[in-house]
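Residue numbering for the sequence shown follows the working numbering, beginning at 89 and increasing consecutively.
Backbone N, C-alpha and C define an ideal beta-carbon position, used for all residues, glycine too.
In this text the structure is predicted, and so the values were computed from the model without any measurement.
Read the structure below first, then the notes.
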Amino acid sequence: MVMRAFLPAFLLAVLTGTASALLPSPAAANTLSSLVMPGELVSGHAKYERQCQKCHDQPAQTVSNASCLACHEEQAADIEAGTGFHGRLKNMEERKCKDCHGEHKGRRFDIMGLDKETFDHRNTDFLLKGEHLKVECARCHGSGNKYRDASHQCSVCHKDDEPHEGRLGDKCTDCHSEAGWRELKFDHAKTRFPLTASHKDVACGNCHPDRRFKETARNCYACHGINDIHAGHMGRQCDKCHETTKWTRPKFDHRRDTSFPLTGKHDKVSCESCHKADPFRDKPATACVSCHEKDDEHEGRRGRRCDDCHTPLGWAKTTFDHAQTRFPLRNSHASVACGSCHKGAMFEDKLSLNCVSCHEKNDPHKNQEGDACEKCHTDRGWRVGVAFSHDLTRFPLTGLHTITPCAECHLGASFQDAETQCVSCHRKDDPHGEALGRNCERCHTPNGWRLWNFDHGKETGFPLEGKHERLVCTGCHKRPAAADGPIALSADCHGCHAKDEPHRGAYGRECGRCHTPQGFNQLKQRLR
């Protein structure tokens with residue numbers, strides 16, 4: 089009765105905020121918690137039932153994610169790392185723990201809310217594929233253990249049905265897949281011993297007895313030593329001569345497997361002709377004279393390297409390659425008889441590499457151009473592909489000079505005798521008859537006689553302005569072109585205008601004091 093009488097008053101105190109005055113602390117808090125708590129907590133949280141502040145910062149206040157994650161540290165770590173079920177949920181930062189995990193619904197309430205029928209394993213760190221999709225949850229997630237604690241290691245679940253008994257390690261996925269034990273993804277080609285040809289048809293147990301897959305010998309002899317018809321005389325590396333197709337198809341290649349490839353007539357010689365002792369074991373010398381010393385017609389004068397000049401095709405087929413010397417023979421040189429250059433002891437007296445050592449007598453330049461003929465000429469012929477560049481001389485060719493035949497300026501092969509002055513070539517076609525001097529380039533360019541660059545102001549000191557600019561040259565320069573010496577006129581106005589001067593000399597000869605080249609009527613000043 090006392091409690092019933094007290095309860096309305098206490099609730100009124102809660103509503104008015106005076107509950108703390110009615111009950112002492114902490115008893116007040118415990119009583120308050122039991123009165124306002126909407127229901128019992130689940131069994132896992134039961135110990136916190138009278139510690140509201142463990143989850144609620146204030147009574148009746150909504151539980152924050154931070155409060156939940158403060159205790160559930162594993163889930164907090166998953167969210168931080170983006171792993172596990174909670175870490176993989178979309179928009180996790182916008183979700184609230186209480187939306188999925190309600191509380192105050194009784195001791196037996198399933199706060200996890202896990203529906204095993206609809207749970208999507210893709211939201212975990214272990215995607216279910218193949219045969220794993222058919223496995224009951226309890227096979228991997230044992231009773232009493234957290235779901236998150238299930239191991240991802242194959243051997244943890246398959247320890248009892250693992251036929252290799254641990255000999256191949258615990259990474260079953262190296263060979264197997266979730267499709268089934270017999271659906272192997274093991275690729276022998278990725279091992280140190282790829283299977284080829286006949287080896288592909290051999291049962292695994294023939295090489296791996298008792299399922300011993302590690303440390304299997306890769307040497308042919310380990311498997312084939314029992315039926316070695318050579319009885320070990322050829323060594324233990326069968327693959328040097330045989331392939332994995334058939335024993336009867338030897339792959340021994342004298343070119344590839346020895347330092348003496350058989351070519352030409354050597355290919356037709358019987359093995360015993362060279363391998364006279366124990367065949368294939370005692371290696372004969374590879375020097376030519378070891379076999380051919382008796383039939384050396386040079387009697388050793390050319391040394392012991394017959395292959396410097398001869399080929400296995402026959403003694404008559406010489407292989408001497410002038411390209412391997414200091415003077416490779418190309419183009420016209422290639423057709424020259426050896427005796428034309430080697431006049432002494434053939435091949436023994438070393439010749440000079442200088443062109444003039446052979447061509448001095450027929451040098452049309454008379455040694456004016458030096459002894460490096462190759463600077464201008466090639467070995468294709470004296471007149472073929474001449475590489476001479478006039479740009480590197482004291483007279484570079486520009487304009488119309490570039491298309492002028494050499495013989496027009498160079499009357500002989502002594503090219504350096506040609507002069508560089510214009511008149512040396514153009515004296516006959518000079519319309520001025522040297523009346524304007526010998527420096528044609530003062531007015532003309534190599535681009536053509538009519539393309540002038542003559543500047544009257546710079547060249548004469550008398551710039552043409554006003555009406556002077558429109559005059560033809562002969563308007564002032566009236567002296568016949570055949571006159572001796574350069575034409576030089578006075579810059580005095582009176583020199584040209586004496587006849588049309590209306591003042592008749594009354595104002596002197598300096599017309600420029602009053603008049604301008606723009607016209608006589610253009611006066612600088614007027615008399616008053």
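Beta-carbon to beta-carbon, Leu-256 and Phe-301 are separated by about 6 Å, close enough to satisfy the 8 Å threshold. For Ser-286, the closest of Thr-333, Thr-407 and Ala-267 by C-alpha to C-alpha distance is Thr-333. Within the same chain, Glu-266, Ala-267 and Gly-268 come within 8 Å of Glu-219 by CB-CB distance, once the 5 residues on both sides are set aside. Around the beta carbon of Ile-317, fewer than 16 other beta carbons lie within 10 angstroms, which makes this residue exposed.
Annotated three-state conformation of Pro-416 is coil, per DSSP.
The C-beta of Asp-166 has 16 or more other C-beta atoms within 10 Å across all chains shown, which makes the residue buried. Look at Ala-164 here: in three-state DSSP terms it is helix. In terms of Cβ geometry, His-240 and Phe-214 form a close pair [threshold 8 Å].
Residues Asp-459 of the same chain have their beta carbon placed closer than 7 Å to that of Asn-442, with the five preceding and five following residues left out of the count. Judged by pairs of C-beta atoms under 8 Å, the region 392 to 400 does not touch the region 337 to 346, as fewer than three such pairs exist. Between the region 485 to 495 and the region 533 to 540, the count of Cβ pairs shorter than 8 Å is three or higher; the stretches touch. Counting along the chain, Glu-547 sits inside the alpha helix (DSSP H) bounded by residues 544 to 548. Distance from the Cα of Arg-196 is smallest, within the candidate group Gly-596, Glu-128 and Val-511, for Glu-128.
Leu-256 sits in coil when the DSSP states are folded into three classes, being neither helix nor strand. Sorting Phe-483, Glu-182, Asp-451 and Leu-480 by C-alpha distance to the C-alpha of Arg-471 places Asp-451 at the top. About 16 Å separates the beta carbon of Phe-415 from that of Asp-396, a gap too long to meet the 8 Å contact definition.
Residue pairing by DSSP puts Thr-466 in a beta bridge opposite Gly-469. Between the C-alpha atoms of Ala-506 and Thr-481 there is a straight-line separation of about 12 Å. Taking 8 Å as the cut-off, the beta carbon of His-582 is found no closer than this to the beta carbon of Arg-558.
Short of 8 Å from the beta carbon of Met-180, and not among the five residues preceding or following it, lie these beta carbons of its own chain, in chain order: Ile-167 and His-174. Where Lys-186 is concerned, the enclosing alpha helix (DSSP H) starts and stops at 185 to 188.
When the beta-carbon positions are compared, Gln-606 and Gly-554 come within less than 8 Å of each other.
The region 185 to 192 and the region 224 to 234 do not touch, with fewer than three beta-carbon pairs separated by less than 8 Å. Sequence-distant Cβ neighbours of Phe-348 in its own chain, meaning closer than 8 Å and more than five residues away, are His-342 and Thr-374. Going by C-alpha positions, Ser-440 is about 19 Å away from Cys-464. Beta-bridge annotation (DSSP): Gly-536 is paired with Thr-533.
Bounds of any beta strand (DSSP E) do not take in Glu-598, whose DSSP letter is neither H nor E. Taking C-alpha positions only, Cys-602 is separated from His-556 by approximately 17 Å. As the crow flies, the alpha-carbon of His-386 is around 21 Å from that of Lys-353.
The beta-carbon separation of Gln-509 and Arg-526, rounded to 6 Å, stays under the 8 Å limit for a contact. Annotated three-state conformation of Asn-294 is helix, per DSSP. Beta-bridge pairing by DSSP links Gly-402 to Thr-399. Thr-171 and Cys-185 have their C-alpha atoms some 17 Å from each other. The straight-line gap separating the alpha-carbon atoms of Lys-217 and Val-223 is approximately 10 Å. Residue state for His-330 is assigned as strand, using DSSP reduced to three classes.
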